[in-house]
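Below is one structure; the comments refer to it alone.
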Amino acid sequence: MYKKKQMVEVEIIDLGDKNQCFGRLEDGMSIFVQGPAAVGDVVQAEIFKIKKKYLASRFRELVKPSPHRIEPVCPYFGLCGGCKWQHMDYSEQLRLKRKQVQDALEHIGGFSFGKDEDGDGIECAACIPAPELFGYRNKMDFSFTDLRYLTTDEIGIDPDEHDKPLDFALGFHAPGCYAKAIDIDHCDLSTEEMNMTLNTVREFCLEHRSELPIYSTRSHTGELRNLVVRHGGHTGEFMVNLVTSTHSPELMAKLSEKLQAALGDRLTTFVNNITSAKNTVAFGEKEFVLYGPGFITDRLGDYTYRISANSFFQTNSGQAEKLYMQILETAQLKPDDIVYDLFCGTGSIALFASSHCSKVLGVELVESSVSDARENARRHDVENCTFIQLDLKDIKHIEEDMREFGHPDVVITDPPRAGMNPKAVKMLLKIAPAAIVYVSCNPASLARDGQMLCEEGAYRLVSCQPIDMFPQTNHVESVARFEKSM
Ligand SMILES: C[S@@+](CC[C@H](N)C(=O)[O-])C[C@H]1O[C@@H](n2cnc3c(N)ncnc32)[C@H](O)[C@@H]1O
Numbered sequence: 000m001y002k003k004k005q006m007v008e009v010e011i012i013d014l015g016d017k018n019q020c021f022g023r024l025e026d027g028m029s030i031f032v033q034g035p036a037a038v039g040d041v042v043q044a045e046i047f048k049i050k051k052k053y054l055a056s057r058f059r060e061l062v063k064p065s066p067h068r069i070e071p072v073c074p075y076f077g078l079c080g081g082c083k084w085q086h087m088d089y090s091e092q093l094r095l096k097r098k099q100v101q102d103a104l105e106h107i108g109g110f111s112f113g114k115d116e117d118g119d120g121i122e123c124a125a126c127i128p129a130p131e132l133f134g135y136r137n138k139m140d141f142s143f144t145d146l147r148y149l150t151t152d153e154i155g156i157d158p159d160e161h162d163k164p165l166d167f168a169l170g171f172h173a174p175g176c177y178a179k180a181i182d183i184d185h186c187d188l189s190t191e192e193m194n195m196t197l198n199t200v201r202e203f204c205l206e207h208r209s210e211l212p213i214y215s216t217r218s219h220t221g222e223l224r225n226l227v228v229r230h231g232g233h234t235g236e237f238m239v240n241l242v243t244s245t246h247s248p249e250l251m252a253k254l255s256e257k258l259q260a261a262l263g264d265r266l267t268t269f270v271n272n273i274t275s276a277k278n279t280v281a282f283g284e285k286e287f288v289l290y291g292p293g294f295i296t297d298r299l300g301d302y303t304y305r306i307s308a309n310s311f312f313q314t315n316s317g318q319a320e321k322l323y324m325q326i327l328e329t330a331q332l333k334p335d336d337i338v339y340d341l342f343c344g345t346g347s348i349a350l351f352a353s354s355h356c357s358k359v360l361g362v363e364l365v366e367s368s369v370s371d372a373r374e375n376a377r378r379h380d381v382e383n384c385t386f387i388q389l390d391l392k393d394i395k396h397i398e399e400d401m402r403e404f405g406h407p408d409v410v411i412t413d414p415p416r417a418g419m420n421p422k423a424v425k426m427l428l429k430i431a432p433a434a435i436v437y438v439s440c441n442p443a444s445l446a447r448d449g450q451m452l453c454e455e456g457a458y459r460l461v462s463c464q465p466i467d468m469f470p471q472t473n474h475v476e477s478v479a480r481f482e483k484s485m
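Each residue of the sequence shown is one higher than the last, beginning at 0 in numbering that gives the first Met the number 0.
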């Protein structure tokens, strides 16, 4: 009989759902362990939930380290929700990323992997590594909260004795804790300019606390919401975007001066996005440009892309080129092909594909991304790409646009983490292109949508290539090819 709060010793043998670790106790009982454990570790874990078939527990102490365990470089490791895998060496991260993709496709999607005696069947390829393991992010989104997340060492300290205010934080949320953020002054995935900006903006906001109170998700009052910094990985251009509830021209002009003084020529644009949304998503309803052109550019392969504050762009410029080459290789485009690039963002995949096919239709929800995509095509004299703003849940409209544009031979789809709306998957089944290239940053969504494509034998999965866009994290991108069954 197990009891809550009981400590047990267990060897971690696998990863479980939601980045938990998994092990088996001597009597065969399954146990999930939350916290910074690694496969191969022996740990002490404290049970907090008892079910008939499994126990849920929290990591308490390392008894024997895995051979793949390394010392995390970040002082916030274990607290911050970002780099959950800093304690594993990179070969182990890559192994687990590939495994995550294959496990999801097998367990959620019902696909099988492995070659039979005749060499038929598919393999999930080894995960393509990233060139930079730290400092690779070209975008960081820091949150303001009026409740600072306290470390275990800080809990219980007299409120007057804290080094930092208790009611101000600029940084990252601890996992599952949206009302509080860990106040950080440095992130190893950021560039030097990003870290410098983080500290300059914090200093400014603390100096002007009465005029710039932090937005509270409880009372829905206050100003400061997010600080988003973007950097052109291949151009060095740098954008600061402060997201607030309203626009205060004098204060923003002062902040602009402070940023220019701190960053010099390295700052190329500063914008203030404002939003009235009752959530913490850093997406502006209106934008004020305080310095520079209001956008940055970045280069991938032969193309330079314009990127506005609210437009999606791959967050790892170094690895995005490899991802797009992989998408092209997987798409196997022919010169006469009509291609659809669904969820096209700033049109980066469409542009990469444009010289390999007859024409491309890019579809995207966000207005600024669509105008960036059009501008990106124009500045490269690419005339065979058309971009439309459309919610991909709106099936009726895409059918109308499709009639006008032409039936696709290949559809490349790159949805957000949640995957495609079932209506959009049904639409793909209805228009039935010869091949669908599904680009996904969430193996579970890929598996679920892939299953929908393949049920009733309409499509079959023919290849799956994981690629690491986000070293030190448990996230993995993959590119899968589905072909229409004959
Ligand atoms: C993962 S990003 C892919 C962007 C692009 N393919 C790239 O590589 O840069 C997903 C994109 O889908 C867009 N999006 C989200 N929901 C959408 C919807 N319902 N209809 C159309 N586009 C949507 C987002 O704005 C975002 O640009």
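No residue lacks a Cβ here, since even glycine has one placed at the ideal position from N, Cα and C.
Endpoints, the beta strand (DSSP E) within which residue i is located
{"i": "Phe141", "result": "138-144"}
{"i": "Arg459", "result": "458-466"}
{"i": "Arg416", "result": "That residue, Arg416, is in no beta strand (DSSP E); it is neither H nor E in DSSP."}
{"i": "His230", "result": "223-230"}
{"i": "Leu299", "result": "294-299"}
{"i": "Phe287", "result": "285-290"}
{"i": "Phe351", "result": "First-last for Phe351: 347-353, but that is the alpha helix (DSSP H), not the beta strand (DSSP E)."}
{"i": "Ala124", "result": "No beta strand (DSSP E) holds Ala124; DSSP gives it neither H nor E."}
{"i": "Leu241", "result": "237-243"}
{"i": "Glu476", "result": "476-483"}
{"i": "Ile156", "result": "Run containing Ile156: none; DSSP gives neither H nor E here."}
Beta-carbon gap between residue i and residue j smaller than 8 angstroms
{"i": "Phe31", "j": "Phe47", "result": "no"}
{"i": "Ala37", "j": "Ile11", "result": "yes"}
{"i": "Thr224", "j": "Thr243", "result": "According to the sequence displayed, residue 224 carries Arg and not Thr. It is a contact, given that the beta carbons lie within the stated cut-off."}
{"i": "Cys343", "j": "Val365", "result": "no"}
{"i": "Ala178", "j": "Thr144", "result": "yes"}
{"i": "Ile306", "j": "Thr274", "result": "no"}
{"i": "Gly77", "j": "Pro35", "result": "yes"}
{"i": "Glu320", "j": "Leu299", "result": "yes"}
{"i": "Arg147", "j": "Ala125", "result": "no"}
{"i": "Ile337", "j": "Asp408", "result": "yes"}
{"i": "Gly317", "j": "Ala129", "result": "yes"}
{"i": "Ile121", "j": "Arg447", "result": "no"}
{"i": "Glu192", "j": "His230", "result": "yes"}
{"i": "Leu258", "j": "Thr196", "result": "yes"}
{"i": "Val42", "j": "Glu60", "result": "yes"}
{"i": "Gly449", "j": "Leu104", "result": "yes"}
{"i": "Gly39", "j": "Pro74", "result": "no"}
{"i": "Glu284", "j": "Ala308", "result": "no"}
{"i": "Asn18", "j": "Lys114", "result": "no"}
{"i": "Leu169", "j": "Leu226", "result": "yes"}
{"i": "Leu95", "j": "Leu14", "result": "yes"}
{"i": "Thr268", "j": "Ile295", "result": "yes"}
{"i": "Val288", "j": "Leu341", "result": "no"}
{"i": "Leu427", "j": "Leu445", "result": "no"}
{"i": "Leu322", "j": "Ile430", "result": "no"}
{"i": "Cys79", "j": "Phe171", "result": "yes"}
{"i": "Met28", "j": "Leu54", "result": "yes"}
Opening and closing residue of the alpha helix (DSSP H) in which residue i lies
{"i": "Gln318", "result": "316-330"}
{"i": "Gly449", "result": "442-453"}
{"i": "Tyr177", "result": "Note, Tyr177: premise wrong, no alpha helix (DSSP H); beta strand (DSSP E) at 176-182."}
{"i": "Lys257", "result": "248-262"}
{"i": "Lys425", "result": "421-430"}
{"i": "Ala105", "result": "The identity of residue 105 in the sequence shown is Glu, whereas the question assumes Ala. Residues 89-106."}
Distance cut-off 7 angstroms: residue i Cβ against heavy atoms of ligand 1
{"i": "Pro414", "result": "yes"}
{"i": "Val424", "result": "no"}
{"i": "Thr345", "result": "yes"}
{"i": "Val365", "result": "yes"}
{"i": "Gln313", "result": "yes"}
{"i": "Cys440", "result": "yes"}
{"i": "Val369", "result": "no"}
{"i": "Phe342", "result": "yes"}
{"i": "Ile348", "result": "yes"}
{"i": "Leu391", "result": "yes"}
{"i": "Val362", "result": "yes"}
Near ligand 3: residue i beta-carbon under 7 angstroms from a heavy atom
{"i": "Glu374", "result": "As presented, the structure is devoid of ligand 3, carrying ligand 1 as its sole ligands."}
* **4 or more residues per run - each alpha helix (DSSP H) lying fully within the stretch 365-409** => 366-378, 394-404
* Asked: Can you list the beta strand (DSSP E) stretches of 3 or more residues lying completely in the stretch 33-79, in chain order?
  -> 41-49, 53-63
* Whole alpha helix (DSSP H) runs in the stretch 188-228 with 4 or more residues, listed along the chain? -> Taking 4 residues as the shortest admissible run, the stretch 188-228 contains the following complete alpha helix (DSSP H) segments, listed from N- to C-terminal end: 191-206.
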